[in-house]
Amino acid sequence: MRSVVNFVVALTFMGMASAAHADDLPPDLKTKTDSFFTLLKKNDVPGAYDLLFQGTLMATQKVQDMQVLNTQTKSVLGFTGPITGWELMSVKQSAPSFTSARFIAKTDTLPLFFKFEFYKPRDTWTTYKVTYFDDISKVPE
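Here the sequence shown stands for residues 14 to 154, numbered as in our numbering.
And the structure:
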């Protein structure tokens with residue numbers, strides 16, 4: 014009987030933990046990532062990345078990297094089909110000024126896993142890096 018009680022308590026805490034992590038993403042980053050996925054869902058890949066990297070060195074000085082990111086994402090979405098939805102998987106705050114978030118982007122054929130890294134040099138969060146994978150085992154923690 015005691016093991017049943019321990020199991021129920023463990024399930025309760027696991028449910029609380031999975032529901033709680035969605036609140037760990039700062040509201041402005043939630044807005045930014047939701048807007049990113051909304052644009053991807055509309056197949057506006059350049060608009061999604063422009064929004065994500067607005068005001069960063071990536072947007073102003075790494076134009077070729079942005080073009081590669083756009084081309085690769087368009088190619089992947091051409092293979093998987095459009096994004097139909099997204100879910101926050103986890104948030105990790107490495108420091109008060111550095112946060113990463115992992116999302117699953119749902120398509121009709123297979124999931125895509127996105128990892129966003131955000132840096133807050135002063136008062137505003139900026140996008141430091143974004144990567145995506147079609148294999149969850151390749152997504153860095």
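Glycine is no exception: its CB is placed at the ideal position from the N, C-alpha and C atoms.
- Taking the CA atoms as reference points, P39 sits about 18 angstroms from T51.
- As summarised for the stretch 60-117, the continuous alpha helix (DSSP H) elements at least 4 residues long and confined to that stretch are 70-74 and 76-93, given in chain order.
- DSSP lists F129 as the beta-bridge partner residues of V143.
- By the criterion of a C-beta distance shorter than 6 angstroms, Q106 is surrounded in its chain by T112, once the five residues flanking it on both sides are discounted.
- With contact defined as three or more Cβ pairs closer than 8 angstroms, the stretch 114-123 and the stretch 68-88 are not in contact.
- In this structure, P95 sits near T120, with a CB-CB distance shorter than 8 angstroms.
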